[in-house]
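Enquirer: In our numbering, the protein residues as written are 296 to 857.
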């Protein structure tokens with residue numbers, strides 16, 4: 296096998312990428328930038344080449360404080376001169392007493408032994424600190440020593456600098472990527488060939504944000520989410536986190552539509568955390584701020600636990616009328632029956648439990664206890680069937696190959712930068728609403744099995760290795776995809792793909808574990824359950840959907856044969 300050709304990046308690749316980002320942001324978002332951000336861009340572009348390189352190098356690293364004597368970049372011809380230029384132009388500044396509020400970050404660039412050696416500590420103070428971790432040494436220094444003296448002691452030995460324009464630089468990157476998860480490293484991953492992205496015409500890319508308020512609202516949610524994570528990991532009392540969140544929620548501005556999904560997700564995170572911390576009343580108060588999955592289900596359970604039976608029943612009815620996914624649909628009916636059966640001897644069974652109990656059972660050798668699907672597959676192979684592990688893999692692949700150009704159609708205005716792995720509305724209801732006509736048209740164009748085989752084969756060969764969030768590339772993918780095309784009726788394939796498109800987030804999971812078939816053309820999709828396993832709502836959704844459209848699917852309960 297021929298190895299992948301090694302890619303050598305240009306010495307200043309990172310500067311080229313940053314300049315590309317700047318030009319991109321100026322073109323798409325110039326009207327949304329404030330004066331401070333424009334000032335940052337203009338001043339950066341006026342810097343010398345080496346100074347630009349140093350600033351971008353530092354901006355791509357973690358933290359705001361750096362030790363100058365630790366900076367080594369071969370491509371920078373005169374590092375001291377570049378540092379001097381950044382100092383005189385205000386892009387960096389020396390560590391000083393006014394950085395006391397960032398003392399943790401400033402001291403964090405030193406190791407524990409270095410701190411014990413450089414800090415103005417007496418021998419009596421050093422001895423107990425030797426037993427502390429670095430965090431303990433930093434904490435002691437910031438609480439017990441004068442910060443001005445700390446700065447003098449450290450900077451007498453070497454120069455420590457702090458990055459400036461961090462807010463402006465962060466905003467530029469945020470506008471480019473559209474979220475806080477994007478990183479300049481994504482360019483490197485692409486350029487080294489580690490990830491291949493779909494290629495777009497830059498002129499067809501559209502702005503993710505239409506107004507400054509959209510930018511600020513979505514960014515505010517992201518930063519609040521990060522603050523929540525920091526509070527959790529810093530062991531802040533759960534009651535304090537609850538009060539912090541409610542205070543933030545009461546003072547936040549009215550959100551634009553683009554920020555609402557992130558807000559709803561944050562609400563569910565906070566509610567789930569409070570529930571796990573045994574604060575049910577506080578969790579309920581937070582869950583009431585959202586209708587996103589699983590907020591309504593959790594509210595029903597908490598209301599019932601608190602004795603608010605009528606409210607729990609009313610919310611069950613509300614969910615049943617308009618469930619957001621399979622979990623909500625089955626939960627609403629199951630929990631309603633549970634509430635109404637309180638006091639009765641016989642407890643109602645959940646829909647998933649009823650379906651599973653009616654399934655056939657197979658005796659499988661206990662040697663397969665840790666590989667239950669393999670045991671069932673072997674059973675069918677010995678019975679004369681062919682078999683393959685499938686689950687979600689070929690279905691997601693089929694969807695991605697059939698609709699590839701529709702998913703990544705830049706004309707739908709959901710592609711906003713060249714490193715995007717999925718359209719911005721991929722997991723939103725808008726995905727189907729915006730593309731319904733295109734999706735249905737594609738399915739009507741594929742009129743024969745040969746059409747389906749040719750189209751999926753052509754897309755497989757043309758796009759192999761390019762990132763698609765639904766397509767996990769392997770040599771066996773096309774074989775499995777075309778096996779589905781051979782076995783199912785074309786109308787069944789159309790109905791399944793449309794059902795997936797209506798809710799890509801939920802309906803691209805939950806498919807049965809195995810596909811079995813024989814030479815006579817008989818096939819079945821088999822969901823395998825060990826004695827301790829349960830059937831999930833999304834799995835039940837697909838099994839019932841298969842029944843409705845005549846696709847052969849079943850559950851098999853395994854009984855261990857000793």
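For each residue, glycine too, the CB sits at the ideal point set by N, CA and C.
Give the secondary structure of residue 564 by DSSP, where H, G and I count as helix, E and B as strand, and everything else as coil.
Expert: Residue 564: helix per DSSP, three-state reduction.
Enquirer: Determine, using beta-carbon pairs with one atom in the stretch 659-674 and one in the stretch 736-744, whether at least three such pairs fall under 8 Å.
Expert: Verdict: no, contact absent.
Enquirer: Within the continuous beta strand (DSSP E) that includes residue 863, where are the two ends?
Expert: No answer is possible for residue 863: the residues shown for the chain start at 296 and end at 857.
Enquirer: If you reduce the DSSP assignment to three classes, tell me which class residue 848 lands in.
Expert: The answer is strand: DSSP assigns residue 848 an E or B state.
Enquirer: To test your reading of the DSSP string, which unbroken alpha helix (DSSP H) runs of 4 or more residues are found completely within the stretch 360-435?
Expert: Listed in chain order, the complete alpha helix (DSSP H) runs (minimum 4 residues) inside the stretch 360-435 are 374-383, 398-402, 407-413 and 418-424.
Enquirer: Return the residue from the list 772, 578 and 721 that minimises the CA-CA distance to residue 693.
Expert: Cα-wise, what sits closest to residue 693 is 772.
Enquirer: Given residue 480, which residues of its chain have a CB within under 6 Å of its CB, disregarding the five upstream and five downstream residues?
Expert: Same-chain partners within the cutoff: there are none.
Enquirer: Taking DSSP as the reference, what is the three-state secondary structure of residue 516?
Expert: Three-state DSSP puts residue 516 in a helix.
Enquirer: Report the rounded CA-to-CA distance for residue 339 versus residue 748, giving the unit in angstroms.
Expert: If you take the alpha carbons of residue 339 and residue 748, they lie about 53 Å apart.
Enquirer: From 404, 560 and 523, pick the residue whose C-alpha is nearest to that of residue 543; which is it?
Expert: Residue 543 has its Cα closest to that of 523, out of 404, 560 and 523.
Enquirer: Buried or exposed for residue 367, please, with buried defined as at least 16 other CB atoms from any protein chain shown within 10 angstroms of its CB.
Expert: Counting Cβ neighbours within 10 Å, residue 367 comes out exposed, since fewer than 16 surround it.
Enquirer: If I measure Cβ to Cβ from residue 810 and keep anything under 6 Å in the same chain, skipping five residues before and after, which residues do I get?
Expert: For residue 810, where only same-chain residues beyond five positions count, the Cβ hits under 6 Å are 683, 685 and 820.
Enquirer: Distance check for residue 844 and residue 753, CA to CA, integer angstroms please.
Expert: The alpha-carbon atoms of residue 753 and residue 844 are separated by roughly 28 Å.
Enquirer: Measuring CB atoms only, is the stretch 470-490 touching the stretch 377-384, in the sense that at least three cross pairs come out at less than 8 Å?
Expert: Flag = no, the stretch 470-490 and the stretch 377-384 do not touch.
Enquirer: Buried or exposed: residue 706, going by 16 or more other Cβ atoms within 10 Å of its Cβ?
Expert: It counts as exposed.
Enquirer: Roughly how many whole angstroms lie between the Cα atoms of residue 526 and residue 674?
Expert: Taking the straight line joining both Cα atoms gives about 51 Å.
Enquirer: So which of 666, 495 and 445 has the shortest CA-CA distance to residue 825?
Expert: It is 666.
Enquirer: How would you call residue 822, buried or exposed, if buried means at least 16 neighbouring beta carbons within 10 angstroms?
Expert: Under this definition residue 822 is a buried residue.
Enquirer: Residues in its own chain within less than 6 Å of residue 504 by CB, not counting five upstream and five downstream?
Expert: Cβ neighbours of residue 504 beyond the five flanking positions: 510.
Enquirer: Which of helix, strand or coil does DSSP assign to residue 297?
Expert: Caution applies to residue 297, whose pLDDT of 46 falls short of 50 and renders its modelled position unreliable; the model cannot decide the point.
Enquirer: Can you give the Cα-Cα distance for residue 715 and residue 827, rounded to whole angstroms?
Expert: In a straight line, the C-alpha of residue 715 is about 40 Å away from that of residue 827.
Enquirer: Between which two residues does the beta strand (DSSP E) holding residue 649 run?
Expert: Not the beta strand (DSSP E): residue 649 falls in the alpha helix (DSSP H), residues 646-652.
Enquirer: Enumerate in chain order the residues of its own chain whose CB-to-CB distance from residue 681 is below 8 Å, with the five nearest sequence positions on each side excluded.
Expert: So the qualifying residues of the chain are 811, 812 and 813.
Enquirer: Could you say which of 374, 351 and 533 lies nearest to residue 864 if we only look at CA atoms?
Expert: No statement about residue 864 is possible, as the shown extent of the chain runs from 296 to 857 and does not include it.
Enquirer: Pull the bridge partners of residue 856 from the DSSP assignment, please.
Expert: Its beta-bridge partners are 660.
Enquirer: For the stretch 644-652 against the stretch 832-841, do three or more pairs of beta-carbon atoms, one drawn from each stretch, fall closer than 8 Å, so that the two count as touching?
Expert: In short, these stretches touch, since the Cβ pair count reaches three.
Enquirer: Roughly how many angstroms separate the alpha carbons of residue 310 and residue 761, rounded to a whole number?
Expert: Those two C-alpha atoms are separated by around 26 Å.
Enquirer: Do the stretch 401-418 and the stretch 443-456 touch if we need at least three Cβ pairs shorter than 8 Å?
Expert: They touch, by the three-pair rule.
Enquirer: Just curious, the beta strand (DSSP E) that residue 821 is in, first and last residue?
Expert: Looking at the DSSP string, the run of the beta strand (DSSP E) that includes residue 821 is 818-824.
Enquirer: Leaving out five residues on either side along the sequence, give the residues of the same chain with a beta carbon under 8 Å from the beta carbon of residue 467.
Expert: So the list reads 316, 317, 320, 332, 335 and 336, once near-sequence residues are dropped.
Enquirer: Say whether the stretch 717-732 touches the stretch 451-468, bearing in mind that this needs 3 or more beta-carbon pairs closer than 8 Å, one atom from each stretch.
Expert: Verdict: no, contact absent.
Enquirer: Return the CA-CA distance between residue 296 and residue 533, expressed in angstroms with no decimal places.
Expert: At residue 296, the pLDDT of 37 sits below 50, so the modelled position is not reliable and the matter cannot be decided from this model.
Enquirer: What is the DSSP secondary structure of residue 782, counted as helix, strand or coil?
Expert: Correct three-state label for residue 782: helix.
Enquirer: Residue 708 and residue 372: beta carbons closer than 9 Å?
Expert: Against a cut-off of 9 Å, the Cβ pair of residue 372 and residue 708 comes out as no contact.
Enquirer: From the beta carbon of residue 852, is the nearest beta carbon of chain C less than 9 Å away?
Expert: No chain C appears in this structure, which consists of one protein chain only.
Enquirer: The alpha helix (DSSP H) that contains residue 466, what's its start and end?
Expert: Start and end: 461-472.
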